[in-house]
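Novice: For the sequence shown, the residue numbers in the working numbering are 36 to 754.
All residues carry an ideal CB built from backbone N, CA and C; glycine is no exception.
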Amino acid sequence: MQNFTSKVKTSFSISDVWGGLASSTMLLPQSMAFGVALLAPHGVSAAIGAMAGLLCAIALSMASGISGGTRGLVSSPTPPMLILLGSALGLIAGNIGEGNILPALIVLVVLTGIIQIIIGVSGGGILIKFIPYSVVVGFLSGAGILMFVSQIAPLSAGRNQLNSPFMFAIPWLTAFVTLAITFLVPRLTSKVPAILLGLIGGTVFFHILTMFSSGPIPSNWVIGKLPALSSINLGFDFSSVGSLPWGMLIVAALALAVLASLNTLLTSVVADVATGTRHNARKELVGQGFGHIISGLTGGIAGAGTAGATTLAIKSGGRRWVGVFTSLSLLALVAVGGPLTALLPIAVLAGIVIRVSFGMFETDILKWLTRSESRSDAIIAILVTTVTVIYDLMVAVGLGVLIAIIMYLRNQVKESVIHRRFFGSEFHSVIQRPKNQRLILKEHGKRIVICELKGDLFFATADSLFEELEPFFEQAQWLILQMRRVRRVDLTGTKILQQLVERIHKEGGEIIFCEVHEKIGLGQDVGKSLLEVGHTALDVGVRTFIGLDEALEYAEDSLLKSNNVGLDPSDGKRDLSLFDILSGMDASLLSKLKERLKFHKFKKDEQIFQEGDFGAELFFVLEGEVDIHLDTSERHYTRLANYPPGTVFGEIAFLDPGERTSDAVAVKDSELASLHRDDFHELSKEYPKAAIGLLYGLSLRQSETLRWSAQEIQRLGEW
């Protein structure tokens with residue numbers, strides 16, 4: 036308790052008081068209007084309805100302010116919650132009768148709070164954010180239309196008690212004046228809430244008109260005196276709980292909790308932008324949940340964060356504790372000004388509700404229809420709006436989400452699962468192979484097909500992968516599937532991969548997997564995973580490699596073997612005369628070159644040079660194997676190249692001496708020959724033809740490398 040008190044003292048600001056006072060002036064008329072609009076159709080007095088709306092704003096703002104989930108947020112009954120709650124109460128009233136509507140309301144709001152707490156604690160606030168914007172827009176637009184239509188009845192009330200057409204026009208004229216004030220005030224000033232001035236102006240106008248009426252006004256034209264806070268009694272009878280339709284209440288509470296959470300989190304984003312902070316969704320939803328429980332137990336209705344009052348509170352200086360002071364301000368206004376509500380016309384509240392309904396309809400839906408990119412969203416929004424108005428709001432939201440899911444799956448199916456595709460003739464492993472092997476790989480490289488997959492390989496996309504790969508079944512001897520961009524593979528996707536393995540095997544080919552992350556659902560050994568799902572018709576071995584380079588190296592080796600091109604034996608020693616870059620040099624000149632060479636032996640894993648070392652030597656791999664590494668972290672590296680016997684490396688430092696840009700490590704016991712730049716200068720003076728022959732061989736190899744690099748850059752541009 037002491038810790039909480041110290042936190043309040045350090046974060047409290049007088050600006051929170053002014054922010055709370057400002058927001059309460061906006062919430063007072065809005066909360067009463069929504070409470071009356073919700074409960075009056077069910078035979079509940081306007082005074083109790085107005086108090087129910089106020090109790091909601093008081094409870095939600097207080098609980099939200101204490102939780103501290105969002106700086107500057109205030110809460111109250113909101114239009115979406117009003118329409119959904121009204122729809123739910125209409126269905127419930129049809130099963131239990133109007134007499135038990137208040138007990139049902141209390142249970143419904145409390146259940147909503149409990150479910151909202153569960154959503155917050157479980158982290159469900161993240162999932163709520165995935166509700167499509169088009170569904171939200173359609174729901175709000177439909178709710179706005181319903182709110183507008185719902186005010187026709189209260190404006191027409193009491194017509195049987197009137198003795199002149201003039202008196203019949205009083206509620207309508209009052210609503211119109213209230214509406215006009217709320218539209219005009221923002222153009223003149225932003226310092227005073229337009230709704231508050233509409234409330235005052237409409238009330239004054241109403242009572243001026245009644246002074247000229249020919250008879251007494253109907254009692255249901257004004258709210259009446261609010262119940263005292265100390266004597267609230269909404270007639271709740273615990274004995275009636277057992278007769279309530281609990282199944283319907285739970286479903287309605289779930290829908291209300293989801294909508295309240297979505298409504299609140301959207302408002303939290305608005306508050307974040309204004310305050311430059313980030314809200315805590317879990318804290319906010321738990322706070323709102325407790326607020327709903329308190330609201331329900333005291334006779335209040337359901338609500339959520341409200342953007343207009345939140346913005347006003349923040350502009351007035353409100354931050355951490357503004358919700359608490361908004362609640363206290365509303366309590367003070369109710370306690371002091373409660374008797375004045377006896378003079379407050381229901382027509383004024385109807386005008387306020389109509390004003391809010393105008394702001395809910397999204398006219399941009401018509402613009403969306405004109406753009407092909409957003410036309411499907413516009414159709415969803417219009418459909419949700421139509422079903423909301425004609426049939427039922429909860430059904431409309433469910434239908435909208437269902438359609439959005441179908442549209443998403445449709446787009447997933449239309450989008451290719453293959454991110455990019457290339458052939459072995461276009462993309463090589465890092466193995467620096469002799470010329471005869473390079474020629475074979477260039478000529479027959481299209482028998483190696485590399486496909487980088489992306490996204491989710493699930494029931495909606497798995498079949499399209501099979502169709503996209505089918506043209507390569509006869510051509511591809513080795514099909515490499517790179518899985519690094521794949522997020523998830525479900526059971527259907529696994530079965531499709533199983534069919535691919537069988538089909539390629541029947542065509543005499545092989546599927547190779549690489550970069551398979553364990554979390555995507557296949558494990559690190561794809562062959563084992565495929566067998567666990569179900570044994571294939573053929574006993575097919577499936578190879579899985581850690582990286583693409585290893586998979587490509589295996590496919591290249593297999594291709595060379597199938598073309599009767601022997602790979603260099605690991606224990607064989609390569610004579611200098613067999614090196615590609617020296618193939619044009621005669622024996623006498625080659626012997627003069629050998630005289631300038633220094634010979635070295637390195638054990639397995641021994642470092643030849645490291646990044647940052649000064650270098651001016653050209654290395655000839657006579658025996659063994661050398662890797663060129665680039666460190667990416669303290670324990671990890673990227674293999675840039677591999678040099679088997681008959682290849683050379685270090686030519687850049689040899690031609691232009693300087694710091695090494697990577698490490699060279701012996702993969703196995705190796706023997707190398709090195710030619711230093713200084714020794715080369717001596718060779719060029721004594722035997723210029725030998726020097727020219729070496730430079731000519733190096734230039735041919737470099738030109739081939741540059742041509743390959745240019746083609747690679749061009750392919751990257753096409754992707």
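For the alpha helix (DSSP H) containing Phe715, list its first residue and its last residue.
Specialist: Here the alpha helix (DSSP H) through Phe715 covers Arg712 to Glu721.
Novice: Does the region 171-178 come close enough to the region 356-365 to have 3 or more Cβ pairs within less than 8 Å?
Specialist: The region 171-178 is not in contact with the region 356-365.
Novice: Just how far apart, CA to CA, sit Met86 and Gly343?
Specialist: Their Cα atoms are separated by approximately 21 Å.
Novice: Quick one: which unbroken beta strand (DSSP E) runs of 3-plus residues sit fully inside the region 463-528? Chain order, please.
Specialist: With a minimum length of 3 residues, the continuous beta strand (DSSP E) runs that stay inside the region 463-528 are 483-492 and 513-524.
Novice: Note the first and the last residue of the continuous beta strand (DSSP E) segment covering Asp662.
Specialist: Segment Val661 to Asp666, the beta strand (DSSP E) holding Asp662.
Novice: Since Tyr678 sits in a beta bridge, which residues does DSSP pair it with?
Specialist: Paired residue(s): Val661.
Novice: Please classify Ala572 as buried or exposed, where buried requires at least 16 other C-beta atoms within 10 Å of its C-beta.
Specialist: Residue confidence for Ala572 is low, a pLDDT of 45 falling below 50, so the modelled location carries little weight and cannot support an answer.
Novice: Asn298: buried (16+ other C-beta within 10 angstroms of its C-beta) or exposed?
Specialist: Burial call: buried.
Novice: Could you check the C-alpha separation between Val171 and Arg520 for me, to the nearest Å?
Specialist: Each residue's Cα considered, the two are about 31 Å apart.
Novice: Just verifying my parser: in three-state terms, what is the DSSP assignment at Leu690?
Specialist: Leu690 falls in the helix class under three-state DSSP.
Novice: Could you name the residues of the same chain whose beta carbon sits closer than 6 Å to that of Leu269, not counting the 5 residues immediately before and after it, in chain order?
Specialist: Bear in mind that the predicted position of Leu269 carries a pLDDT of just 47, short of 50, making it unreliable; the figure below should be weighed with that in mind. Only Leu137 and Gly334 meet the Cβ criterion.
Novice: Could you tell me the distance, in whole angstroms, from the CA atom of Phe247 to the CA atom of Val220?
Specialist: Roughly 27 Å between the two C-alpha positions.
Novice: Once you ignore the five residues that flank Glu717 on each side, which residues in its own chain have a CB closer than 8 Å to its CB?
Specialist: Counting only Cβ-Cβ distances below 8 Å, and skipping sequence neighbours, we find Arg631.
Novice: How many Å lie between Leu437 and Leu90 at the Cα?
Specialist: So the two alpha carbons sit approximately 35 Å from each other.
Novice: Which same chain residues, not among the five before or five after Val43, have their C-beta less than 6 Å away from its C-beta?
Specialist: Reliability fails at Val43, whose pLDDT of 46 lies under 50, so the model's placement of it is uncertain and the value that follows must be treated cautiously. None.
Novice: Under DSSP, the alpha helix (DSSP H) around Val422 begins and ends at which residues?
Specialist: Run containing Val422: Arg410 to Ile425, per the alpha helix (DSSP H) assignment.
Novice: Quick one, are the C-beta atoms of Ile555 and Ile546 less than 9 Å apart?
Specialist: No, they are not a contact pair.
Novice: Determine the contact status of Ala688 and Leu624, defining contact as a CB-CB distance below 9 Å.
Specialist: For Ala688 and Leu624, no; Cβs fall outside 9 Å.
Novice: May I ask you to report which of helix, strand or coil DSSP gives Phe634?
Specialist: Correct three-state label for Phe634: strand.
Novice: On the three-pair Cβ rule with 8 Å, is the region 102-113 touching the region 321-329?
Specialist: Cβ pair count under 8 Å is three or more, so yes.
Novice: Hey, Phe637 and Leu707: beta-carbon distance below 9 Å or not?
Specialist: Taking 9 Å as the Cβ cut-off, Phe637 and Leu707 qualify as a contacting pair.
Novice: Measuring CA to CA, which of Glu588, Leu730 and Glu721 is closest to Ile466?
Specialist: Taking only the C-alpha atoms, the option nearest Ile466 is Glu588.
Novice: Looking at Leu628 and Leu617, is the spacing between their C-beta atoms short of 9 Å?
Specialist: Yes; because the gap between Cβ atoms is below 9 Å, this pair is in contact.
Novice: Would the beta-carbon of Phe493 fall within 9 Å of that of Gln534?
Specialist: It is not a contact, given that the beta carbons lie outside the stated cut-off.
Novice: Would Arg313 be called buried (16 or more neighbouring beta carbons within 10 Å of its own) or exposed?
Specialist: Burial call: exposed.
Novice: Name the two residues that bound the continuous alpha helix (DSSP H) containing Asp51.
Specialist: Ile49 to Leu74 is the extent of the alpha helix (DSSP H) around Asp51.
Novice: Below 8 Å on the Cβ atoms is my guess for Glu487 versus Arg455; work out the distance and round it to an integer in Å.
Specialist: Going by Cβ atoms, the distance from Glu487 to Arg455 rounds to 5 Å, so yes, they are a contact pair.
Novice: Specify, as a first and last residue, the run of the alpha helix (DSSP H) that Phe393 falls within.
Specialist: Per DSSP, Phe393 belongs to the alpha helix (DSSP H) from Ile381 to Met395.
Novice: Secondary structure at Ala651, three-state DSSP: helix, strand or coil?
Specialist: Looking at Ala651 - three-state DSSP - the assignment turns out to be coil, as it is neither helix nor strand.
Novice: Go ahead and label Val484 buried or exposed: buried means 16 or more other beta carbons lie within 10 angstroms of its beta carbon, across all protein chains shown.
Specialist: The residue in question, Val484, is buried, as its Cβ has 16 or more Cβ neighbours within 10 Å.
Novice: Is it buried or exposed for Val156, if we count other Cβ within 10 angstroms and need 16 for buried?
Specialist: Flag for Val156 reads exposed.
Novice: Please return the same chain residues whose Cβ sits closer than 6 Å to the Cβ of Ala511, not counting the five positions on each side in sequence.
Specialist: Excluding positions up to five away in sequence, the list reads Val484 and Gly544.
Novice: Can you tell me the Cα-Cα spacing of Gly732 and Asp615, whole angstroms?
Specialist: Rounded to whole angstroms, Gly732 to Asp615 spans 7 Å at the Cα level.
Novice: Enumerate in chain order the residues of its own chain whose CB-to-CB distance from Glu503 is below 6 Å, with the five nearest sequence positions on each side excluded.
Specialist: The answer, listed in chain order, is Ile453.
Novice: Decide yes or no for the touch test of the region 70-79 against the region 234-247: beta carbon pairs closer than 8 Å, at least 3 of them.
Specialist: The region 70-79, when compared against the region 234-247, does not touch it at the 8 Å Cβ threshold.
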